[in-house]
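**Q**
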Amino acid sequence: MKKTYKIDVDCANCAAKMEDAARKTAGIADCTVNFMTLKMIVTFDEGAEPKAVMQDVLKNCKRIESDCEIFL
Amino acid sequence: MNRKQKKVLIRILIASVCMIILHFLPLDSVLDGWLRFFLYLIPYLVVGYDILIKAWKGIRNRQPFDENFLMAVASIGAIVLGRVRTGDYAEGAAVMLFYQIGELFQSVAVGRSRRNISDLMDIRPDYANLEDDTGHTERVDPDEVEIGSVVVVSAGEKIPIDGVVIEGHSSLDTSALTGESVPRSVREGEDVISGCINTSGTLRIRTTREFGESTASKILDLVENASSRKSRQENFITRFARIYTPAVCYAALALAFLPPIILLIARQQPQWGDWIMRALTFLVISCPCALVISIPLTFFAGIGGASREGILVKGSNFFEALASSDTVVLDKTGTMTCGVFEVAGIHHAVIPEEEILEYAALAEMHSTLPIALSLLRAWKKDPDPARVSDVEEIAGQGIKARVDGREVAVGNEKLMAVLNIVPQPCTSVGTVVHVAVDGSYAGHILIADRIKPHAAEAIHELQSIGVSRIVMLTGDRKAAAESAAREVGIEQVFSELLPEDKVMQVEQLLQTRRAGTSLAFVGDGINDAPVLSRADVGIAMGALGSDAAIEAADIVLMDDDPLKISKAIRIARRCIRIANENIVFAIAVKLICLLLGALGLAGMWLAIFADVGVMILAVLNAIRALKVRHL
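In the order they appear, the protein sequences are chains C and E.
In terms of our numbering, the first sequence opens at residue 268 and continues consecutively.
In terms of our numbering, the second sequence opens at residue 201 and continues consecutively.
#1: Under 8 Å, CB to CB, which of the residues in the region 385-412 of chain E have a partner in chain C?
#2: In terms of residues, what are the limits of the alpha helix (DSSP H) holding C:Phe338?
#3: In angstroms, rounded to a whole number, what distance separates the CA positions of E:Asn620 and E:Ala642?
#4: Identify the continuous beta strand (DSSP E) that holds E:Val365 and give its terminal residues.
#5: Using the three-state DSSP reduction, which class does E:Ser525 fall into: helix, strand or coil?
#6: Does the distance from the CB of E:Ser524 to the CB of E:Phe499 come in under 8 Å?
#7: Establish whether the CB of C:Asn327 and some CB of chain E are separated by less than 8 Å.
#8: Can you look up E:His336 in the DSSP assignment and give me helix, strand or coil?
#9: Give the range of the alpha helix (DSSP H) segment to which E:Ala278 is assigned.
#10: Could you give the uninterrupted runs of the alpha helix (DSSP H) lying entirely in the region 204-267 of chain E, keeping only those of 4 residues or more?
#11: Checking the sheet assignment: what are the DSSP bridge partners for E:Gln692?
#12: Going by the CB atoms, is the gap between C:Asp277 and E:Ser307 shorter than 8 Å?
#13: Runs of 4 residues minimum, wholly inside the region 691-740 of chain E: which ones carry the alpha helix (DSSP H) assignment?
#14: Do the region 645-655 of chain E and the region 707-719 of chain E make contact, defined as three or more Cβ pairs closer than 8 Å?
#15: Since I believe E:Ala768 is in contact with E:Ile755 (beta carbons under 8 Å), could you give me their beta-carbon distance rounded to a whole number of angstroms?
#16: Alpha carbons only, please: which of E:Leu297, E:Lys204, E:Leu222 is nearest the one belonging to E:Tyr244?
#17: For a cutoff of 8 Å on Cβ pairs, would you count E:Ser307 as touching chain C?
#18: Quick one: list the residues of chain E neighbouring C:Ala279, beta-carbon separation under 7 Å, in chain order.
#19: Taking any Cβ of chain E, which residues in the region 287-302 of chain C have a Cβ under 7 Å from it, in chain order?
#20: With a threshold of 16 other CB atoms inside 10 Å of the CB of E:Gln300, please say whether the residue is buried or exposed.
#21: From this set, E:Cys626, E:Ser400, E:Glu367, E:Met219, which residue's C-alpha is nearest E:Ile546's C-alpha?
#22: Could you tell me the distance, in whole angstroms, from the CA atom of E:Val633 to the CA atom of E:His644?
#23: Specify, as a first and last residue, the run of the alpha helix (DSSP H) that E:Phe482 falls within.
#24: So, helix, strand or coil for E:Glu346, using DSSP?
#25: Would you decide whether E:Ala278 is buried or exposed? Buried here means 16 or more other CB atoms lie within 10 Å of its CB.
#26: Residues of chain C with CB closer than 8 Å to the CB of E:Thr438, please, in chain order.
#27: Would you check if the region 482-494 of chain E and the region 672-685 of chain E touch, i.e. whether three or more CB-CB distances between them fall below 8 Å?
#28: Would you mind stating whether E:Tyr289 and E:Phe224 have Cβ atoms separated by less than 8 Å?
#29: Specify, as a first and last residue, the run of the alpha helix (DSSP H) that E:Val588 falls within.
#30: Can you list, in chain order, the residues of its chain whose CB lies under 8 Å from that of E:Leu422, leaving out five sequence neighbours each side?
#31: If contact is defined by three or more beta carbon pairs under 8 Å, each pair taking one atom from either stretch, is the region 326-333 of chain E in contact with the region 365-383 of chain E?
#32: Can you tell me whether DSSP reads C:Tyr272 as helix, strand or coil?
#33: Would you say C:Ile331 lies against chain E (beta-carbon separation less than 8 Å)?
#34: From the DSSP output, in three-state form, read off E:Arg409 for me.
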């Protein structure tokens, strides 16, 4: 399943870091962060629960980049 | 500027004022040592506290090598050196100050172009006026409107959902979708697509799609997800930054400690301070921000600018392929020609031409075949059924009817043969409709697919921008194909091809293209999905309202003007050029400054300007990619 979320982040490098962090989260098959449109496009693993997984993604992103935001 | 940016601006201003005051205070004589140190810490911390925090977090998360880390180490190092050696703290504080100025500039520039592009693509409808059974309208979220509902669109509003007009007529502004400024007029029974602006009358529309499936949503989806497919330049920068930043950190470390140790071994003065300062300068210069931000910005701006012209690009990698396309393969019907049959001429007329057309149109008035429709369209008048009687349709031959009391026969040569009439053969390519009145030959009407008005010009444009091979493929008959090719100026034609033959032709052309160049296929998206995906770049044109084309192609031209092909190539080429300019410029300046820094010829101030200056220039250059109107 594929979903798009609006995000807020300051710089291109921070966006790349978010992408990395999200990809390493359990339940995520793939993730692309588009810094220019401020969108995170997430592909979930089969059977993953998007709501719960996205909470983890947000937590992981916050840890590496404190002033980022994902609008869930 | 948003709140965050304003906050940074205020911090920059406070810090700058502090620095200026500190510079002019007679510190040297009155204040010295620690007091001076603490006074300089004020602007330093005001402007740089968040960078220090981020750098610390990076270290804690074991991802230390980013620009925050570079800046933190360089500025702290410069201040510590100032404490133990020179007593000058301005450099350390300035590193932070200018770094923040650069970041703010970049953030504002990115925000600007982001807004610019979303304004361009301002086709997302915010609401729909849904009409219920009682005729009462209510403003709702377009997402909630079901298929088959009736929505009302007043003048000045956007059409929220694709549908059919059931009442009213108006002209639509499609410029946000196609870049075409001529309004399109619509009336009852015609399809309308979401994202167009209703400019005059009120329209009642029965929706034929859900909002999510409507044209506006699909296009926005396409544009917004465009940069998830990255170009070589962008991938290069990502890889580059991953290797480069740690590399310069270690190089700086080596620069700080190796030469002094070697000097010590050689029993000379180690000059620790000098070498550490050089290493710090090295760090400031090496910050890769200019590249990391300007390359994606270039593609974003290029793709955004192209969408304004009605050229939708699905990813920056396709921009790259388009820029290097040396072979352009075109489909005939719908690409070079209008794909609609029209009366192209009336020949060998024995009676006045208008009369031939009038008799033919009236005889065919009850038919719904394409030929009958084109006759009626050409005649341009509303047929009066009272004038026509005894209509007899003869399958595979034509129609016999009594019009105004006269015996009219409209059809092909077979019909004429049956009626013992000798028709005049036609030398032009197309479908020939012979007309006989009262048993004698009246003349014939040629119906043909018309070449698009800009087709020849478009081919010429392609040649003049250096496309070396232009090929036309068509399923049409040889004569029709060759005459169309001659008319537009294409030399290489392959005709009478089935869809799978087209794929084979394209594969052969792919094998013979020059190395490093790519092949673009242009079609109208109908029946040529396999070819569109087989080519390096598949371009679908006239895609407004055609889902299949939007799905299958890599680049979508919203209207059907063939001149857009060369325009798309020009936009792509310029975008790639700007990206390459930025890569070469930024890396060259950095390398020169790094060398000067390592040799001790460039101080901290030059380093700061090299870093921030290159970034600002690169960002300004990147924004140029947005301006594509006059390409």
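Positions of the beta carbon are idealized from the N, C-alpha and C atoms, including for glycine.
Values in this document were obtained by computation on a predicted structure and should not be read as measured data.
**A** Per the coordinate set shown:
#1: Taking 8 Å as the Cβ-Cβ cut-off against chain C, none of the residues of the region 385-412 of chain E qualify.
#2: Not the alpha helix (DSSP H): C:Phe338 falls in the beta strand (DSSP E), residues 336-338.
#3: Each residue's alpha carbon lies about 14 Å from the other.
#4: 363-367 is the span of the beta strand (DSSP E), which, as asked, contains E:Val365.
#5: Strand at E:Ser525.
#6: The answer is no: Cβ separation not under 8 Å.
#7: C:Asn327 does not count as touching chain E.
#8: In this structure, E:His336 counts as coil in the three-state DSSP scheme.
#9: E:Ala278 -> alpha helix (DSSP H) spans 267-281.
#10: If only complete runs of 4 or more residues are kept, the region 204-267 of chain E shows the alpha helix (DSSP H) at 227-230, 234-260, in order along the chain.
#11: Its beta-bridge partners are E:Val671.
#12: Their beta carbons are under 8 Å apart, which means E:Ser307 touches C:Asp277 by this criterion.
#13: The region 691-740 of chain E contains these whole alpha helix (DSSP H) runs: 699-712, 729-734.
#14: Put simply, the region 645-655 of chain E does not touch the region 707-719 of chain E. Fewer than three CB pairs are less than 8 Å apart.
#15: 6 Å between Cβ atoms; contact.
#16: Ranking E:Leu297, E:Lys204, E:Leu222 by Cα distance to E:Tyr244 puts E:Leu297 first.
#17: Chain C, which has a Cβ nearer than 8 Å to the Cβ of E:Ser307, makes this yes.
#18: Simply Val492, Ile493, Pro496.
#19: Residues passing the 7 Å Cβ filter: Thr299, Asn301, Phe302.
#20: The residue is buried, with at least 16 neighbouring Cβ atoms inside 10 Å.
#21: With distances taken between Cα atoms, E:Ile546 lies closest to E:Cys626.
#22: The alpha-carbon atoms of E:Val633 and E:His644 are separated by roughly 5 Å.
#23: 472-486 is the span of the alpha helix (DSSP H), which, as asked, contains E:Phe482.
#24: Correct three-state label for E:Glu346: coil.
#25: It is buried - the Cβ of E:Ala278 has at least 16 other Cβ atoms within 10 Å.
#26: Result: Ala283.
#27: Output reads no: the region 482-494 of chain E does not touch the region 672-685 of chain E.
#28: Pairing E:Tyr289 with E:Phe224 gives a Cβ-Cβ distance that is not under 8 Å.
#29: First-last for E:Val588: 588-594, but that is the beta strand (DSSP E), not the alpha helix (DSSP H).
#30: Excluding sequence neighbours, E:Leu422 sits near Leu512, Lys514, Ile750, Val756.
#31: No contact exists between the region 365-383 of chain E and the region 326-333 of chain E.
#32: Strand at C:Tyr272.
#33: Output row for C:Ile331: interface = yes.
#34: Residue state for E:Arg409 is assigned as coil, using DSSP reduced to three classes.
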